[in-house]
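Written out below as structure tokens is the structure these notes cover.
Protein chains: 2
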Amino acid sequence: MAKITLRLIADTLGISVATASKALKDYPDISQKTKRDVKELAATLKYKPNSFAQSLRNQESKIIGLIIPEIVHHFFANIIHGVIKAAEKEGYLVITLQSDESYENEKKQIELLLEKNVDGILISLAEDTVNFKHIKAIIDEGIPVVLFDKISKLIKCSQVVIDDRKAAFEATKYLIDSGCKTIAHVRGPLKPQTTIHRFLGYKDAIEAHGMIYDKALVFEADHLSYEDGRKVAKEILASNQNIDGIFAFTDLLATGLLVKLKEAGVMIPEEVSIIGFSNWFLSKITSPTLSTVNQPGLEMGMAAFKLLFEELSNKKNKVPTEFVTVEIPTNLVIRNSTR
Amino acid sequence: MAKITLRLIADTLGISVATASKALKDYPDISQKTKRDVKELAATLKYKPNSFAQSLRNQESKIIGLIIPEIVHHFFANIIHGVIKAAEKEGYLVITLQSDESYENEKKQIELLLEKNVDGILISLAEDTVNFKHIKAIIDEGIPVVLFDKISKLIKCSQVVIDDRKAAFEATKYLIDSGCKTIAHVRGPLKPQTTIHRFLGYKDAIEAHGMIYDKALVFEADHLSYEDGRKVAKEILASNQNIDGIFAFTDLLATGLLVKLKEAGVMIPEEVSIIGFSNWFLSKITSPTLSTVNQPGLEMGMAAFKLLFEELSNKKNKVPTEFVTVEIPTNLVIRNSTR
DNA sequence: CTGAAAGCGCTAACAC
DNA sequence: GTGTTAGCGCTTTCAG
Chain Z
0 MAKITLRLIA DTLGISVATA SKALKDYPDI SQKTKRDVKE LAATLKYKPN
50 SFAQSLRNQE SKIIGLIIPE IVHHFFANII HGVIKAAEKE GYLVITLQSD
100 ESYENEKKQI ELLLEKNVDG ILISLAEDTV NFKHIKAIID EGIPVVLFDK
150 ISKLIKCSQV VIDDRKAAFE ATKYLIDSGC KTIAHVRGPL KPQTTIHRFL
200 GYKDAIEAHG MIYDKALVFE ADHLSYEDGR KVAKEILASN QNIDGIFAFT
250 DLLATGLLVK LKEAGVMIPE EVSIIGFSNW FLSKITSPTL STVNQPGLEM
300 GMAAFKLLFE ELSNKKNKVP TEFVTVEIPT NLVIRNSTR
Chain H
0 MAKITLRLIA DTLGISVATA SKALKDYPDI SQKTKRDVKE LAATLKYKPN
50 SFAQSLRNQE SKIIGLIIPE IVHHFFANII HGVIKAAEKE GYLVITLQSD
100 ESYENEKKQI ELLLEKNVDG ILISLAEDTV NFKHIKAIID EGIPVVLFDK
150 ISKLIKCSQV VIDDRKAAFE ATKYLIDSGC KTIAHVRGPL KPQTTIHRFL
200 GYKDAIEAHG MIYDKALVFE ADHLSYEDGR KVAKEILASN QNIDGIFAFT
250 DLLATGLLVK LKEAGVMIPE EVSIIGFSNW FLSKITSPTL STVNQPGLEM
300 GMAAFKLLFE ELSNKKNKVP TEFVTVEIPT NLVIRNSTR
């Protein structure tokens, strides 16, 4: 099948390529008749402009890049969905890449995206990433970047976050309000900011309610897996601290805790209340169902794209962009693992 | 920051653009010294070839499209991951789109991908899709297409599938072998091929083991949701058929069944064995944990890309492609919801 | 061994 | 209203 180019249309209509191009783009200086003819022929021939040629001229690809630590992950899958959905609405397509939480991959993938001349990049930083030169470098090159979820305050760009500290505060407060007296926190590995913020929210709540913060009640999970939740549950059982409430860093951990404690004969929530974080799908499925903090991935993904889109538009109009940090509200979802 | 083009390199080295281009590509007719000079300068300037210009010349984008019904879905997330991983290894990037199970979206999204001149497309058909003109049209245009999971035998192209019928047979056989006497099947909506195949596998197994197939034991869920599982559980309870085994179309459905039956006081697996399909993450979390059929999304995604990649290579070498259907093996994962 | 020239398909300033 | 021209950055003959 022969390629349908503007040249072909122009030739069969006996006009110039330029005129054909302008006719399709509704330039005011083209006669109605010509416009009609060109559009009609284009339609019947199913003319599709060659995006490479267009991009080469316009210096824009209408493609953005999205780098996330892990695709098979309820929260990030929601993010991807949100980004793709918002992007499609504005005529952008999305290339997704997975960093596997590795700084090296992240760096390489940014290169790959740049080589494809994406118009902008959305990133949730890898756990491994502590040095931000690679991100700053692309920002300096003038490529709009928006960070979401795993962000860094040290990078000058727009960001989409939740208030982890506040959300953790609310979750812990709920445990306190519902009568828990000895509340443990199961945190993740030290590096990510979120770990620290959720821990601080927990601590804030404890102290704001006349309880004494006790380091021995804070447990650290090596990873954020179901299995790690089970492991920590054993530690909790062995610690003999009369823990009657647990705020876990994430639902997966909480689920591991819940299942293991139940197996050990602990009544949930009668003896121990558990609250997770993220509102993954599985929190509806555990028994008892898991109370948690809803972390709205879809909204965050959409918001991240919107920020990028604005920046892209500004860039086209040569307007400078004020970087903003958008905070997406979270909310407690109380189910049956809490009193 | 000024753009680094071949022209720039050529000019600073006092050679022509053509020579610079060839030097970078190791053409045999360029002197070692020139090659070294060009490569060195390119490296220090961090020269990145402009992909639009390259694509415009070479007629290939090194980007492929991926259309799936639903991103936030354990199996499809695995597919995406597999595709992206395999593609990255071969220097391809992936644009992902979600059809929401809608034929109209699928059609539109194929257009979008074609407009971006992707080199090939990977599709899992939407539930709505019964007419395949849109797929056949792009194949006729010479764009390689590979179908996976939700496929159609009516489309002439390479495909990646599992043997649903055999897998369903094995699952049902397991129920029979473990002593179930009255086995129900909970199927999904009628349209997709998978529904029919899994149903037939169930029927085959029943009949192959001297039992009598009974239509009254087949329940249809409107959707494949957790809630629908609960709804069907009610029907099963109301039907008074002494059902002691259930093969469900998918884990989500199975989980709904399991939870609702438990709530109604039914002992799982003592009174009723349940087996699901797909081996979603959640099947490890239910209590009791769910026996299921492992449907390896990652492998399927990788296989699908590999087929596409071969076809792409063939096309470049002007070798015709023999369409093949690759079958990825499934396996039973026996957990605690079966006797 | 190197470079001039053509062209991939499209757009936009400018001329007519 | 329409066409001419130039050029986006790269690759690949082909001539030297």
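Heads up: the sequence lines are chains Z and H, in that order.
For reference, each letter of the first sequence is one residue, going 0 to 338 in numbering that gives the first Met the number 0.
For reference, each letter of the second sequence is one residue, going 0 to 338 in numbering that gives the first Met the number 0.
Using N, Cα and C, we set each Cβ at its ideal position, and we do this for glycine too.
Q. Could one say the Cβ of Q158(H) lies closer than 8 Å to chain Z's Cβ atoms, at least one of them?
A. It does not; no Cβ of chain Z falls within 8 Å.
Q. So, is the C-beta of F51(Z) closer than 8 Å to a C-beta in chain H?
A. Interface residue, yes.
Q | Three-state class that DSSP yields for K246(Z) in the structure shown | A | The sequence given here has Phe at residue 246(Z), not Lys. Strand at F246(Z).
Q: Below 8 Å on the Cβ atoms is my guess for A76(Z) versus E100(Z); work out the distance and round it to an integer in Å.
A: About 16 Å; that fails the 8 Å criterion.
Q | A204(Z) and F168(Z) closer than 8 Å at C-beta | A | Result yes, Cβ atoms of A204(Z) and F168(Z) sit closer than 8 Å.
Q) Helix, strand or coil for S15(Z) per DSSP? A) coil
Q: Can you pull the chain H residues whose beta carbon is under 7 Å from the beta carbon of S54(Z), in chain order?
A: F51
Q) Taking Cβ positions only, does S286(Z) come closer than 8 Å to chain H? A) Yes - at least one Cβ of chain H is within 8 Å of the one on S286(Z).
Q) Between L96(Z) and the rest of its own chain, which residues show a CB-CB distance below 6 Å, the 5 nearest in sequence each way excluded? A) I66 and Q108
**Q.** C-alpha gap between I8(Z) and L40(Z), whole angstroms
**A.** 7 Å
(Q) For I235(H), which residues in the same chain have their Cβ closer than 7 Å to its Cβ, ignoring the five residues on either side in sequence? (A) A183, F218 and I242
Q: At 3 residues or longer, and completely inside the segment 6-89 of chain Z: list those beta strand (DSSP E) runs for me, N to C.
A: Runs of the beta strand (DSSP E) inside the segment 6-89 of chain Z: 62-67.
Q. In terms of DSSP beta bridges, what is S272(H) paired with?
A. G244(H)
**Q.** chain H contact residues for E114(Z), given Cβ-Cβ distances below 7 Å
**A.** K47 and S50
Q.
Report the start-end ranges of each beta strand (DSSP E) in the segment 174-213 of chain Z that is 3 residues or longer and not cut off at the edges.
A. 182-186
Q.
Does chain H have any CB closer than 8 Å to the CB of V185(Z)?
A. no
Q) When the cut-off is 8 Å and only beta carbons count, does I70(Z) lie next to chain H? A) yes
Q) Cα separation between Y46(Z) and K135(H)? A) 18 Å
Q: Decide if I327(H) is buried, meaning its Cβ has at least 16 other Cβ atoms within 10 Å, or exposed.
A: buried
(Q) Could you give the first and the last residue of the continuous alpha helix (DSSP H) run that contains Q294(Z)? (A) DSSP places Q294(Z) outside any alpha helix (DSSP H), giving it a letter other than H or E.
Q) For V16(Z), which residues in chain H fall below 7 Å Cβ to Cβ? A) Neighbours of V16(Z) on chain H: none; closest Cβ ~16 Å, over 7 Å.
Q. Less than 8 Å separating the beta-carbons of K112(H) and G64(H)?
A. Correcting the residue type first, residue 112(H) is Leu in the shown sequence and not Lys. Cβ atoms of L112(H) and G64(H): closer than 8 Å.
Q) S282(H) by DSSP, collapsed to three states: which one? A) helix
(Q) Considering Cα atoms alone, identify which of S336(H), T329(H), V332(H) and T324(H) is closest to Q158(H). (A) T324(H)
**Q.** Close-in-space but distant-in-sequence residues of the same chain around V93(H) (CB under 7 Å, 5 per side omitted)
**A.** I63, L65, V82, I83 and A86
(Q) What does the Cβ neighbour count give for M301(Z), buried or exposed, with the cut at 16 atoms within 10 Å? (A) buried
Q) Can you tell me the Cα-Cα spacing of L44(Z) and I3(Z), whole angstroms? A) 7 Å
Q) So does the segment 293-308 of chain H actually touch the segment 141-156 of chain H, counting three or more Cβ pairs closer than 8 Å? A) Because the criterion of three Cβ pairs below 8 Å is met, the segment 293-308 of chain H and the segment 141-156 of chain H touch.
Q | Spatial neighbours of A215(H) in its chain, beta-carbon cut-off 6 Å, leaving aside the 5 residues before and after | A | none
**Q.** Local conformation of E321(H) per DSSP, three classes
**A.** coil
Q: Go to V231(Z), then tell me how far its alpha helix (DSSP H) extends in each direction, as first and last residue.
A: That run of the alpha helix (DSSP H) goes Y225 to S238.
Q: Starting from L96(H), trace the alpha helix (DSSP H) both ways and give me its first and last residue.
A: Counting along the chain, L96(H) falls outside any alpha helix (DSSP H), though it belongs to the beta strand (DSSP E) covering L92 to Q97.
Q) Can we say the segment 255-272 of chain H touches the segment 47-62 of chain H, given the rule of at least three CB pairs closer than 8 Å? A) Taking a cut-off of 8 Å for Cβ pairs, the segment 255-272 of chain H and the segment 47-62 of chain H do not touch, as fewer than three such pairs fall below it.
Q | DSSP bridge partner residues for G264(Z) (one or two, in chain order) | A | Partner(s): none; G264(Z) has no beta bridge.
(Q) Taking a contact to mean a Cβ-Cβ separation below 8 Å, would you say I274(Z) touches S336(Z) in this structure? (A) yes
Q. When the Cα of K155(H) is compared with those of G228(H), I137(H) and A166(H), which residue comes out closest?
A. I137(H)
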